[in-house]
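*Asks:* Have a look at the structure that comes next, please.
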Amino acid sequence: MITKERDRLHKDGLINFSMAFTAAGFLWSFLYFILGFPQSAMIPGGYAVLSLLSLFFVFATGKYLAFRFLQFLFILILPVLLQLSLGGFENSGAVIIWAILCPLGALSFAPVRQGLVWFGLFLVVLVLTGLAEFYLQLPIPRVERNLQILFFVINIVGAGTLTFFSLFYFISKNKQEHDRAENLLLNILPEPIAERLKRNPSTIADGYKIVSILFADIENFTAISQKVSPETLVHFLNDVFSHFDLLAEKYGMEKIKTIGDAYMAVSGIPIWNEDHAERAMQMALEMQKFVKTLHDPSGKPLRMRIGIHSGPVVAGVIGKKKFAYDLWGDAVNTASRLESHGVPGRIQISETTYDLLEDTSQIEIRRLIDVKGKGEMRAYLSYD
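As structure tokens, this is what we get:
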């Protein structure tokens, strides 16, 4: 997706670049004509017409590669012909300086190797133009000294201005693309992990002695999904989970993933904090408060189970092409079991999490639950 976006930016940039050059060609043609050089005026005028035709060509056929080659060729040859028609470097004000925009354009809008090729051609053309001034009998029209100085100023200012704004456009668009890619990466990985991965793309795995893991799951989601269209279902889940994302950001928690209708987040990762259990509990309370204001797509009041457990985990990045930041450890399984053994509309927390809470006023019931693989364990439920 990023490569396609970059190609689109290159195409749009070269088309805008060519439009600017076409307008400059007409302007230069008019300038040379009113200054008394009608033969020289035909060269930028002819270029402007050819460039305009190539723009019509790419819009009509979509053959961008042929269009790109023609534009670079025109920009390379035009200044050479114009300089020769005016009698050389001094008379023309070194108008050949405009040809440097050919390799610069190739570097901006084509693969790097093509930029090197066009730069090599520019050097060859520059040397040949210099030799032609020494060894060929060029027409030498009379150009007053003040016009020579004017040509120097116009060529330097014009070529420099177009170079600056073309590169400014290209760099600004690339920055936008870079920022978009950064945002996509941060949507996948926590910011500290993303920075570490950019500095050293090796295996990232960290152990945490104790964090708080939150699992949430919508009651009877399978039955709900069979009663509504896929678009309605996805739109509904997106609204609910997007609000949960805001709550995670508010309480400094890290969203790990969603699996179907289940939402998983953790507090105390990747930057550990002492009040991780309190943050997880506060987020869970706000989640339940929000959910109680909603109805599912079938029209029934929405209900959700939430489980929280605190314990040691390993966190890391897996994958080479599609990164995933995930958690492993018995604490993750326990949090998931607390959710699945929970009560709809309630938050069920482990005794470990309960002991870490400073405020337990929201906790109503202590009970024993039979957890697969762990046997009986003590858990606590929030008020309804």
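The numbering of the sequence shown is my numbering, which starts it at 12 and goes up by one. Cβ atoms here follow ideal geometry from the backbone N, Cα and C, with glycine treated the same way.
For Phe255, which residues in the same chain have their Cβ closer than 7 Å to its Cβ, ignoring the five residues on either side in sequence?
*Replies:* The answer, listed in chain order, is Tyr274 and Met298.
*Asks:* Mark Gly386 as exposed unless 16 or more other C-beta atoms lie within 10 angstroms of its C-beta, in which case mark it buried.
*Replies:* Its Cβ having fewer than 16 others within 10 Å, Gly386 is exposed.
*Asks:* Kindly give me the distance between the Cβ atoms of Ala295 and Gly322, rounded to whole angstroms, as I take these residues to be in contact under 8 Å.
*Replies:* Actually they do not touch by this definition, with Cβ atoms about 17 Å apart.
*Asks:* Starting from the Cα of Ser51, find the closest Cα among Arg79, Thr72, Phe80 and Arg153 and give me that residue.
*Replies:* Per the Cα distances, Arg153.
*Asks:* Out of Glu242, Phe247, Val239 and Ala291, state which residue places its alpha-carbon closest to the alpha-carbon of Lys261.
*Replies:* The shortest C-alpha separation from Lys261 is found at Ala291.
*Asks:* By the three-class DSSP mapping on this structure, what secondary structure does Ala342 have?
*Replies:* If DSSP states are grouped into helix, strand and coil, Ala342 belongs with the helices.
*Asks:* Would you mind giving the Cβ-Cβ distance between Leu248 and Asp272, rounded to the nearest angstrom? I have them listed as a contact below 8 Å.
*Replies:* Indeed they touch by this definition, with Cβ atoms about 7 Å apart.
*Asks:* Which stretch, first to last residue, makes up the alpha helix (DSSP H) that contains Ile88?
*Replies:* First-last of the alpha helix (DSSP H) with Ile88: Tyr75 to Leu97.
*Asks:* Is it true that the stretch 93-110 meets the stretch 154-173, where meeting means three or more beta-carbon pairs spaced less than 8 Å apart?
*Replies:* Yes: the two stretches touch, three or more of their Cβ pairs being nearer than 8 Å.
*Asks:* Tell me whether Pro308 sits in a helix, a strand or coil according to DSSP, three-state version.
*Replies:* Coil, per DSSP.
*Asks:* So, do the stretch 233-243 and the stretch 214-224 have three or more beta carbon pairs nearer to each other than 8 Å?
*Replies:* The answer is no - the stretch 214-224 does not touch the stretch 233-243, with fewer than three Cβ pairs under 8 Å.
*Asks:* For a test of the three-state rule: what should DSSP assign to Arg314, helix, strand or coil?
*Replies:* It is coil, neither helix nor strand.
*Asks:* Hey, is Tyr146's beta-carbon within less than 9 Å of any beta-carbon in chain B?
*Replies:* The structure shown contains no chain B; it is built from a single protein chain.
*Asks:* By Cβ distance, which residues of its chain are closer than 6 Å to Met12, with the 5 residues on each side in sequence left out?
*Replies:* Low confidence applies here, because Met12 scores a pLDDT of 45, under 50, leaving its location unreliable and the question unanswered by this model.
*Asks:* Can you give me the C-alpha to C-alpha distance between Ala59 and Leu42, rounded to a whole angstrom?
*Replies:* Their backbone Cα atoms lie some 14 Å apart in a straight line.
*Asks:* Answer yes if the stretch 344-361 comes into contact with the stretch 374-384, meaning at least three C-beta pairs across the two stretches below 8 Å, and no otherwise.
*Replies:* Result yes; three or more Cβ-Cβ pairs closer than 8 Å.
*Asks:* Where Phe85 and Arg191 are concerned, what is the direct C-alpha to C-alpha distance, given to the nearest angstrom?
*Replies:* Near 34 Å, if we compare the C-alpha coordinates of Arg191 and Phe85.
*Asks:* For Arg207, which option in Ser119, Lys184 and Gly327 has the closest C-alpha, if you only look at C-alpha atoms?
*Replies:* Comparing Cα-Cα distances from Arg207 to each of Ser119, Lys184 and Gly327, the minimum goes to Gly327.
*Asks:* Got a sec? Which residues, its chain only, sit under 7 Å from Ile329 by beta carbon, not counting five neighbours each side?
*Replies:* Within the same chain, Ile329 has close Cβ partners Ala335 and Asp337.
*Asks:* Is it right to say Lys266 is buried, meaning 16 or more other beta carbons lie within 10 angstroms of its own, or is it exposed?
*Replies:* It is buried - the Cβ of Lys266 has at least 16 other Cβ atoms within 10 Å.
*Asks:* Would the stretch 71-84 and the stretch 112-124 be scored as touching if the rule is three or more Cβ pairs under 8 Å?
*Replies:* Contact between the stretch 71-84 and the stretch 112-124 is present, because at least three Cβ pairs lie under 8 Å.
*Asks:* Find the nearest neighbour of Ser361 within the set Ile319, Glu289 and Asp395, judged by alpha-carbon distance.
*Replies:* It is Ile319.
*Asks:* From Trp283, Asp395, Leu46 and Arg389, pick the residue whose C-alpha is nearest to that of Asn157; which is it?
*Replies:* Of Trp283, Asp395, Leu46 and Arg389, the residue nearest in Cα terms is Leu46.
*Asks:* Compute the distance between the beta-carbons of Ser309 and Arg357, then report whether it is under 9 Å.
*Replies:* It is not a contact, given that the beta carbons lie outside the stated cut-off.
*Asks:* If I follow the unbroken beta strand (DSSP E) through Gln420, where does it start and stop?
*Replies:* Nothing in the structure corresponds to residue 420, since the chain is present only between 12 and 395.
*Asks:* Starting from Phe226, trace the beta strand (DSSP E) in both directions and tell me its first and last residue.
*Replies:* Looking at the DSSP string, the run of the beta strand (DSSP E) that includes Phe226 is Ile215 to Ile229.
*Asks:* Three or more C-beta pairs under 8 Å: does that hold for the stretch 89-101 against the stretch 63-75?
*Replies:* The stretch 89-101 vs the stretch 63-75: no contact.
*Asks:* Can you tell me the Cα-Cα spacing of Ile374 and Ile204, whole angstroms?
*Replies:* The alpha-carbon atoms of Ile374 and Ile204 are separated by roughly 35 Å.
*Asks:* Which residues in the same chain as Gly218 place their Cβ atom closer than 6 Å to its Cβ, once the five residues preceding and following it in sequence are excluded?
*Replies:* So the list reads Val325, once near-sequence residues are dropped.
*Asks:* If Val91 sits next to Val128, beta carbons under 8 Å apart, how far is it from one beta carbon to the other, in whole angstroms?
*Replies:* Rounded, the Cβ-Cβ distance is 17 Å, inconsistent with contact.
*Asks:* Among the residues of its own chain, which have a CB less than 7 Å from the CB of Leu132, if the five just before and after it don't count?
*Replies:* Hits under 7 Å: Leu87.
*Asks:* What does DSSP give as the partner residues of Glu387 in its beta bridges?
*Replies:* Note: Glu387 sits in a beta bridge opposite Asp381.
*Asks:* Going by DSSP, name the residue or residues bridged to Tyr274.
*Replies:* Note: Tyr274 sits in a beta bridge opposite Ala227 and Thr269.
*Asks:* In its own chain, which residues sit with a C-beta less than 8 Å from the C-beta of Leu379, not counting the 5 before and 5 after it?
*Replies:* Same-chain partners within the cutoff: Glu387, Met388, Arg389 and Ala390.
*Asks:* Where do the ends of the alpha helix (DSSP H) carrying Gln299 lie?
*Replies:* His287 to Val302 is the extent of the alpha helix (DSSP H) around Gln299.
*Asks:* Identify whether Leu147 lies in helix, strand or coil by the three-state DSSP scheme.
*Replies:* Residue state, collapsed to three classes: coil.
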